[in-house]
Amino acid sequence: MDFSNIFTAENGWALLEKFGEALLILVIGWIFIRIVRRIERKALEKSALDRSVHTLIMRTTGIVLWILLILTILSKLGVDMAPLVTALAAAGVAVALALRDSLSNVAGGIILLFTKPFVAGDEVEINGTTGIVDRIDLLTTHLHTYDNRDIIVPNGNVTTSMVINASRRELRRVSGEFIISYDSDIDQARDAIRQVVREGPMLLEEPEPWICLKQHGERGLVFDVGIWCRTENRGEALIYMEEAIKKEFDRRGIRIPYPHIEVTKTGQDPTR
685 MDFSNIFTAE
695 NGWALLEKFG
705 EALLILVIGW
715 IFIRIVRRIE
725 RKALEKSALD
735 RSVHTLIMRT
745 TGIVLWILLI
755 LTILSKLGVD
765 MAPLVTALAA
775 AGVAVALALR
785 DSLSNVAGGI
795 ILLFTKPFVA
805 GDEVEINGTT
815 GIVDRIDLLT
825 THLHTYDNRD
835 IIVPNGNVTT
845 SMVINASRRE
855 LRRVSGEFII
865 SYDSDIDQAR
875 DAIRQVVREG
885 PMLLEEPEPW
895 ICLKQHGERG
905 LVFDVGIWCR
915 TENRGEALIY
925 MEEAIKKEFD
935 RRGIRIPYPH
945 IEVTKTGQDP
955 TR
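In this text, residue positions in the sequence shown follow this note's numbering: the first is 685, and each later residue adds one.
Shown next as structure tokens:
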């Protein structure tokens with residue numbers, strides 16, 4: 685077979701022209717993608733969307749634009765796109781079957797990013813595990829505990845679990861139980877607790893605190909107390925409440941009973 689007619693000067697120039705056009709499309713496409721991503725980044729920074737959503741949108745846009753650019757270049761070079769698209773579709777199905785668990789996590793990540801049951805900085809409890817949210821990735825949610833341990837939860841598990849967000853509301857109620865002896869004055873105890881609320885720098889009088897006699901216990905009278913504070917102060921407020929109520933009880937002479945055993949001498953011979 686004679687190949688001399690195929691690699692003629694005319695065919696060579698045509699081929700070179702195609703590669704030149706493809707290179708030009710690549711350069712223009714690269715510049716276009718950079719401009720689009722820059723505009724997109726500025727628009728997202730001005731939006732009310734969470735920063736985790738920014739990352740997802742930026743990544744998705746970049747992948748889509750580069751795929752379109754590559755397909756355009758291949759088409760310009762005369763590559764038959766039908767077999768390529770078919771092969772990509774078949775590969776996509778195979779990958780989807782192999783990575784169905786990961787795709788579940790991706791779907792969960794998208795749901796979390798757009799429904800926003802929590803955002804970075806929130807204190808959440810997921811399936812009994814409590815931590816502060818660091819970030820939400822496409823596959824996993826990253827938390828850290830108060831003693832600085834990292835927790836990584838697959839997004840698929842998060843979306844199918846009960847999630848408690850402890851940071852979303854502005855006010856929280858800190859609660860505790862306080863026991864006074866049976867010979868103490870109930871009204872005095874209740875007034876002492878109200879005094880602590882009035883003087884507490886981070887305790888709120890509105891909404892009204894919850895102060896009630898819960899039960900007659902074995903050791904004494906049990907008061908159930910719930911005092912409101914701002915969410916960001918709840919840790920300090922709980923510590924202050926416990927300490928201040930004890931001091932106010934002591935100041936007013938309200939006794940807090942402690943476990944004790946009474947030994948009574950009957951005078952009877954224990955050997956009988």
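Using N, Cα and C, we set each Cβ at its ideal position, and we do this for glycine too. Quantities reported herein were computed from a predicted structural model and do not represent experimental measurements.
Minimum C-alpha distance to residue i - residue among the options
i, options, result
"R903", "Y942, A928, I911", "Y942"
"C913", "K931, R856, F907, G860", "R856"
"L887", "F933, L753, S859, L752", "S859"
"I938", "N917, R874, I895", "R874"
"R832", "D818, L753, I870", "According to the sequence provided, residue 832 is Asn. The question's Arg does not apply to it. Out of D818, L753, I870, D818 has the C-alpha closest to the C-alpha of N832."
N-terminal and C-terminal residue of the alpha helix (DSSP H) that residue i is part of
i, result
"I877", "870–883"
"K898", "Where K898 is concerned, there is no enclosing alpha helix (DSSP H), although the beta strand (DSSP E) it sits in stretches over 894–900."
"N832", "No alpha helix (DSSP H) holds N832; DSSP gives it neither H nor E."
"L922", "918–935"
"V842", "839–843"
Residue i classed as buried or exposed, judged by whether at least 16 other C-beta atoms fall within 10 angstroms
i, result
"F687", "With a pLDDT of only 46 at F687, under the threshold of 50, the placement of this residue in the model should not be trusted; the figure read from the coordinates follows. Per the 10 Å Cβ criterion, exposed."
"T825", "buried"
"G704", "exposed"
"L905", "buried"
"F802", "buried"
"P885", "exposed"
"V763", "exposed"
"M846", "exposed"
"T843", "buried"
"V863", "Reading off the sequence shown, one finds Ile at residue 863, where the question assumed Val. Label assigned to I863: buried."
"N811", "exposed"
"F798", "exposed"
"N839", "buried"
"P893", "buried"
"L796", "buried"
"F716", "exposed"
Residue range of the unbroken beta strand (DSSP E) whose run includes residue i
i, result
"L808", "Sequence inspection shows Val at residue 808; the Leu mentioned does not correspond to that position. Taken as a continuous stretch (DSSP letters only), the beta strand (DSSP E) holding V808 covers 807–810."
"V803", "Run containing V803: none; DSSP gives neither H nor E here."
"L827", "824–828"
"E861", "855–864"
"D908", "905–914"
"D818", "813–820"
"I848", "847–849"
Presumed contact (8 Å Cβ cut-off) between residue i and residue j, rounded CB distance
i, j, result
"L749", "V720", "7 Å"
"D806", "S851", "4 Å"
"M742", "R725", "7 Å"
"T814", "E854", "About 20 Å separates the two Cβ atoms, so there is no contact after all."
"V881", "I911", "6 Å"
"V808", "I848", "6 Å"
"Y926", "K898", "Reading off the sequence, residue 926 comes out as Glu, not Tyr. The Cβ separation is near 17 Å, so there is no contact."
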